[in-house]
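One structure below.
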Amino acid sequence: LVTGMAARSKTVPELSYYIPYDPFKVDIYHLGGAFAELVENYHGLGIFQPLATAMWHQDPSQRPDPSSALAQFERIASR
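This note's numbering applies: residue 5 is where the sequence shown begins, and numbers increase by one.
Dropping the structure here:
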């Protein structure tokens, strides 16, 4: 666990100077935001919307961990 506010996006809900948070969940949040932007801007990527939404969840405990997110991505991409 880490503390601090040094993140690419200041919209990450759990960033804190004082309360430790999981940096991997922050990574998932950032990647979820990037996926959401791709889904919104490129035709045919809507199949990834549920994954993007899960990864961009405001509650870090509700986001998938990195290996689960990868497994979900691979399952969707292999369709």
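Positions of the beta carbon are idealized from the N, C-alpha and C atoms, including for glycine.
Reduced DSSP category for residue i - H, G, I as helix; E, B as strand; rest coil
i          : result
residue 54 : helix
residue 16 : coil
residue 24 : strand
residue 8  : strand
Assumed close pair residue i, residue j - CB separation to whole angstroms, cut-off 8 Å
i          : j          : result
residue 84 : residue 17 : Nothing in the structure corresponds to residue 84, since the chain is present only between 5 and 83.
residue 9  : residue 36 : The pair is not a contact, with the Cβ atoms about 19 Å apart (cut-off 8 Å).
Contacts around residue i, its chain only, beta-carbon distance under 7 Å, and the 5 residues preceding and following it disregarded
i          : result
residue 32 : 59, 67, 68, 70 and 73
residue 5  : 24, 25 and 26
Straight-line gap, residue i to residue j (C-alpha atoms, nearest Å)
i          : j          : result
residue 44 : residue 22 : 35 Å
residue 80 : residue 28 : 22 Å
residue 82 : residue 76 : 10 Å
residue 48 : residue 57 : 16 Å
residue 19 : residue 34 : 12 Å
residue 14 : residue 39 : 18 Å
residue 30 : residue 46 : 24 Å
Other residues of its chain near residue i: CB distance less than 8 Å, five sequence neighbours each side excluded
i          : result
residue 51 : 80 and 83
residue 7  : 20, 21, 22, 23, 24 and 25
Residues of its chain near residue i, where Cβ-Cβ distance is below 6 Å and the 5 sequence neighbours each way are ignored
i          : result
residue 42 : 49
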